[in-house]
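Those letters in the sequence shown? Residues 1 to 293, per full-length UniProt numbering, in order.
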Amino acid sequence: MNIKQNRLLIFGAGVIGSVYALRFAQSGLDVTLLARGKRLDVLKRNGLRYNDNGTIKQISIKTIEKLANDDIYDFIFVPVRYDQAESALSAIKNNQSKTIITLTNTIGYDPWLEIVGDRLLPGFPGAGGDIKEGVLYAQFGSKTFFGEINGQTTERVKGLAKIFETADLHYEIQNDIQAFHVSHAALAAVNKHFYTNHGMVDIETARSESILSKVAADIKKNIRLVEQAGITVIPPETKSMGELPEKDIISRYRQMLSNDFIIDVKLGNRAVSKKAEILLLDEVFHKKLSVRR
């Protein structure tokens with residue numbers, strides 16, 4: 001397989017879509033970024049501008065505003081919020097591309113399968129950050145996870161792995177991707193405690209005992225719910241988090257919230273826009289897990 005002949009489309013030019021587009025483009029892969037509105041205008045005018053260790057750089061990336069049904073890609077990446085996933089998949093439903101990789105939170109795949117069928121290949125992004133004044137401030141902090149719902153290592157999974165190797169991005173093929181997503185949702189849902197009625201708490205409040213004690217209690221409760229539902233808690237780091245005393249979880253979060261990048265991820269502009277996602281994730285997580293008990 002000649003990786004450079006694979007056509008890649010990233011459906012959405014937010015933080016996650018932009019950072020994957022950047023790495024793919026830097027690695028010489030054939031990548032196109034679908035963007036709209038002001039973001040599209042900026043990308044056309046200035047290219048993709050990004051922060052590289054304090055220096056603002058730019059790279060030209062192919063962009064489109066709309067995906068035609070007969071514009072075929074080997075892989076379409078959909079890095080959108082959980083609350084936007086169904087509308088995004090509906091927008092590309094009639095496109096004839098055979099593999100659609102979702103890079104987002106979720107609890108299950110039934111609504112997505114109803115839209116795009118077995119073209120769905122669920123995944124989870126290994127990057128985070130923010131876009132400030134049109135400049136991407138993002139990085140890969142962990143592996144990208146993906147895998148077939150049935151756990152098989154198919155040819156398309158192998159092909160996707162080769163793309164990540166070409167881009168020098170760490171990845172992990174999950175043979176139980178749904179267990180991974182449910183386990184991650186157990187942690188992600190607790191971010192609801194960082195929201196106020198009008199935005200986010202400030203950094204001092206985020207580090208406070210009153211907030212972090214709720215976060216710690218919910219982490220332990222949520223991971224216990226996953227286990228009680230008979231779902232394997234993965235990866236091991238997530239399982240071990242649930243086994244820590246609450247005071248240790250609080251200490252770990254305080255340490256994380258002393259890192260500028262983590263502060264951006266947890267409390268920055270993109271975090272503000274994720275409120276609807278986190279609240280929906282929390283609601284669906286508890287609804288589904290309570291049914292399975």
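Using N, Cα and C, we set each Cβ at its ideal position, and we do this for glycine too.
All figures in this text were calculated on a predicted structure; none of them were measured in a lab.
Assuming residue i and residue j make a contact with CB atoms under 8 Å, what is their CB distance in whole Å?
i: Arg49; j: Gln58; result: 5 Å
i: Gly126; j: Phe140; result: 5 Å
i: Leu257; j: Lys192; result: Contact doesn't hold; Cβ gap of about 16 Å is too wide.
i: Ile115; j: Lys93; result: 5 Å
i: Ala91; j: Thr104; result: So it is not a contact: roughly 15 Å between Cβ atoms.
i: Ile107; j: Lys288; result: 5 Å
i: Leu8; j: Leu34; result: The pair is not a contact, with the Cβ atoms about 11 Å apart (cut-off 8 Å).
i: Asp83; j: Glu277; result: 5 Å
i: Phe194; j: Leu113; result: Between Leu113 and Phe194 the Cβ distance is about 32 Å, and since that is not below 8 Å, they are no contact.
Do residue i and residue j have their C-beta atoms closer together than 7 Å?
i: Arg81; j: Ile100; result: no
i: Leu40; j: Glu65; result: yes
i: Pro79; j: Gly12; result: yes
i: Phe285; j: Ala189; result: yes
i: Ile223; j: Phe180; result: no
i: Ile219; j: Val182; result: no
i: Arg207; j: Val15; result: no
i: Gly128; j: Ile177; result: no
i: Asn95; j: Asn69; result: yes
i: Gly199; j: Val272; result: yes
Based on the DSSP output, what are the partners of residue i in its beta bridges?
i: Gln58; result: Arg49
i: Val135; result: Lys132
i: Met200; result: Tyr195
i: Asp30; result: Arg7
i: Pro122; result: Thr102
i: Val80; result: In DSSP, Val80 forms no bridge with anything.
i: Phe180; result: Per DSSP, none; premise fails for Phe180.
i: Thr63; result: Leu33
i: Glu172; result: Phe145
i: Ala276; result: DSSP, once it has assigned bridges, lists no residue as partnering Ala276.
i: Phe261; result: According to DSSP, Phe261 bridges with nothing at all.
i: Phe140; result: Ala127
i: Thr75; result: Correcting the residue identity first, residue 75 is Phe in this sequence and not Thr. According to DSSP, which records beta bridges pairwise, Phe75 is partnered with Leu8.
Residue i: which of the options sits nearest, CA to CA?
i: Gln152; options: Glu133, Ser18, Lys287 and Ile173; result: Ile173
i: Ile56; options: Arg252, Asn197 and Ile131; result: Ile131
i: Leu22; options: Phe164, Arg207 and Ala229; result: Phe164
i: Tyr73; options: Thr32, Ser27 and Leu267; result: Thr32
i: Leu187; options: Leu225, Ser87 and Thr63; result: Leu225
i: Thr196; options: Ser27, Lys275 and Asn51; result: Lys275
i: Glu227; options: Glu155, Leu43, His184 and Glu209; result: His184
i: Ser251; options: Val157, Thr154 and Glu209; result: Glu209
i: Leu67; options: Asn51, Ser97 and Lys38; result: Ser97
i: Ser27; options: Ser240, Lys162 and Gly47; result: Lys162
i: Phe77; options: Val42, Phe145, Lys38 and Ala217; result: Phe145
i: Ser290; options: Asn259, Thr238, Gln255 and Ala229; result: Ala229
i: Thr102; options: Asn51, Lys38, Tyr20 and Val42; result: Tyr20
i: Lys62; options: Asn51, Gly47 and Asp71; result: Gly47
i: Val42; options: Phe24, Ser18 and Asp110; result: Ser18
i: Phe24; options: Asp71, Arg36 and Asn6; result: Asn6
i: Lys239; options: Lys221, Gln255 and Arg254; result: Lys221
i: Arg36; options: Asn51, Ile10 and Asn175; result: Ile10
Subject >> Sufficient close CB pairs (3 or more, under 8 Å) joining the stretch 237-254 to the stretch 203-218 >> reply: The answer is yes - the stretch 203-218 touches the stretch 237-254, with three or more Cβ pairs under 8 Å.
Subject >> Inter-stretch contact (C-beta, 8 Å, three-pair minimum) for the stretch 197-206 and the stretch 259-267 >> reply: Between the stretch 197-206 and the stretch 259-267 there are three or more C-beta pairs closer than 8 Å, enough to call the two in contact.
Subject >> the stretch 167-183 contacting the stretch 129-138, beta-carbon criterion three pairs below 8 Å >> reply: Taking a contact to require three or more Cβ pairs closer than 8 Å, the stretch 167-183 and the stretch 129-138 do not qualify as touching.
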